[in-house]
Amino acid sequence: MSILELVSFLSAVDGWLSYPIFVLSALIIYLSLRVVPPSLSRTYCLNVAVPSFLSTSTYMLIAVLISTGQSIFLTTDGKAIIFLYGFLRGFTLCGYLYFSTLTIFLAFLGYAKPLLFQTLIKTRNIVAVFGFGYVWTAAAVIALFPRLFLVGFLEMSPETDFSVMMIVEIAIALICYLCMLAFYVLAIVRMANRIDRSSSSAVAHWNVLKSVLIYCTPPNIFVALALSGYTCDTVLETSGLLRPSSWNSTEEMTHWLRFDDYCAPIRVWSQALTNLRLFVSVSTALIAFRDYRVPVKNALLKITMRVFKTLRIVDQNYEFSTAPTENSLFTKTAKSVPTQTMPIDRRIMR
2 MSILELVSFL SAVDGWLSYP IFVLSALIIY LSLRVVPPSL SRTYCLNVAV PSFLSTSTYM
62 LIAVLISTGQ SIFLTTDGKA IIFLYGFLRG FTLCGYLYFS TLTIFLAFLG YAKPLLFQTL
122 IKTRNIVAVF GFGYVWTAAA VIALFPRLFL VGFLEMSPET DFSVMMIVEI AIALICYLCM
182 LAFYVLAIVR MANRIDRSSS SAVAHWNVLK SVLIYCTPPN IFVALALSGY TCDTVLETSG
242 LLRPSSWNST EEMTHWLRFD DYCAPIRVWS QALTNLRLFV SVSTALIAFR DYRVPVKNAL
302 LKITMRVFKT LRIVDQNYEF STAPTENSLF TKTAKSVPTQ TMPIDRRIMR
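Numbering of the sequence shown is given in this note's numbering, commencing with residue 2 and proceeding in unit increments.
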């Protein structure tokens, strides 16, 4: 398979994944607003699902316009839609990086500093912290892709040196990622130390540990790949290779970008796997947290049983799980249950 065939295949897969991501994101948003009680897990899932939903919605709009032969993309409004889609794709990465780091940090505090955690988790505080994340993420997207948005859309001079902006942003992103990994390990250690098979809370602590492992580990593998691509682009910007004045002619620069750009292979994978990362993120959110997993499982069982009863495969009604979870971190509505050992904080995510 040639490079062009690989790029074409990855682009096609990236496009196909937009549709299941759209459905899963919409499901998370619905469950968050109508079914799941207030908790940190709900706040995290909602803030991951909303950018994914908006990004895939914009992609589907573009796909519809292209299929109908619209020439809107030659107009200012059409170009704005393209740039909006690029912005939302970048937002899904930067937003996930911020929100997952914050969530892991709070999960760690739930075990290490429960009093501080209780202060931070108050509605007003948590809304302010997550709200700041949206402002920071919007600025981060512009800083990571200045030549796309500032030159391509706002028509700034291509000779502008964006290296300082990009260096600062990629440094913050890498620090944020490393902090997330550090708190991830610390949270796992804290949870593992609480697991005592002889205690009545052992199952609760173990379930929380599994939730953290499921929702944090797979997506962060793709985040690392994406960050490597953005780091390489920052190196190119710093070296001046992206400024036309660094070349003898436009043709020479174009030839280098097409055939000799050493960041191209990394960029191909980091960009083409964007939707795969989103799919993993929303899927693991539905799997990891019991507040989401149980309603989805019950709905699937009800649909399956209805089909089976229609086909006369079964004629028996089954009960579905509606009992509140006992392994929740940060669940505001759950009540504390006394145990012989230090109890798990009932407000920590499922």
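Glycine is no exception: its CB is placed at the ideal position from the N, C-alpha and C atoms.
To the nearest angstrom, how far is it from the Cα of L279 to the Cα of A64?
-> 19 Å
If we count Cβ pairs, one from each stretch, closer than 8 Å, do we get three or more for the stretch 305-313 versus the stretch 243-262?
-> no
Report the rounded CA-to-CA distance for V190 versus P159, giving the unit in angstroms.
-> 49 Å
To the nearest angstrom, how far is it from the Cα of C264 to the Cα of V283?
-> 29 Å
Using the C-alpha atoms, what's the distance from D15 back to F23?
-> 13 Å
Are three or more beta carbon pairs between the stretch 165-175 and the stretch 116-126 nearer than 8 Å?
-> no
Which value, in whole angstroms, describes the spacing of the CA atoms of S42 and T285?
-> 12 Å
Delimiting residues of the alpha helix (DSSP H) encompassing E253 = T251 to H256
Using the Cα positions of F353 and F146, report the straight-line distance between them to the nearest angstrom.
-> In the structure as shown, the chain starts at 2 and stops at 351, and residue 353 therefore has no counterpart that could be examined.
Apply the 10 Å Cβ neighbour rule to D261 and answer buried if 16 or more other Cβ atoms are within range, or exposed otherwise.
-> exposed
Y216 versus F84: straight-line alpha-carbon distance, rounded | 30 Å
Classify Y133 as buried or exposed, calling it buried when 16 or more other Cβ atoms lie within 10 Å of its own Cβ.
-> Residue identity differs from the one stated: residue 133 is Phe in this sequence, not Tyr. Exposed: under 16 other Cβ atoms inside 10 Å.
Taking the alpha helix (DSSP H) that C264 falls in, what are its first and last residues?
-> Looking at the DSSP string, C264 is not in any alpha helix (DSSP H), and its letter there is neither H nor E.
Taking C-alpha atoms, which residue in I30, V295, A273 and L98 lies nearest to Y185?
-> L98
Please state if the CB of D292 and the CB of V36 are separated by a distance shorter than 9 Å.
-> yes
A289 and L94 closer than 9 Å at C-beta | no
Helix, strand or coil for S158, going by three-state DSSP, please let me know.
-> coil
Leaving aside the five residues before and after A144 along the sequence, list all residues of the same chain whose C-beta is less than 6 Å from its C-beta, in chain order.
-> M166 and E170
For F10 versus A27, is the C-beta distance shorter than 9 Å?
-> no
If we ignore side chains and look at the alpha-carbon of each, how far apart do A273 and C177 end up?
-> 23 Å
Nearest to Y86 by CA position, among K114, L117 and V142, is which residue?
-> V142
Euclidean distance between Cα positions of F109 and L277 | 28 Å
Range covered by the alpha helix (DSSP H) that runs through S247 = That residue, S247, is in no alpha helix (DSSP H); it is neither H nor E in DSSP.
If you count every other CB in all the chains shown that lies within 10 Å of the CB of N328, and 16 or more means buried, which is it?
-> Because the pLDDT of N328 is 45, which lies under 50, any placement of that residue in the model is unreliable, and the number read from its coordinates should be weighed accordingly. Buried, because 16 or more other Cβ atoms sit within 10 Å of the Cβ of N328.
On the three-state DSSP scale, how would you describe L110?
-> helix
Would S12 be called buried (16 or more neighbouring beta carbons within 10 Å of its own) or exposed?
-> exposed
Three-state secondary structure (DSSP) of T138 = helix
Within its chain, find whatever has a CB closer than 6 Å to the CB of V281; leave out the 5 residues flanking it on each side and keep chain order.
-> P219 and P220
Which residues bound the alpha helix (DSSP H) around T285?
-> T275 to A289
Enumerate in chain order the residues of its own chain whose CB-to-CB distance from V338 is below 6 Å, with the five nearest sequence positions on each side excluded.
-> Low per-residue confidence applies at V338: pLDDT is 40, beneath 50, and the placement is therefore not dependable enough to give any value.
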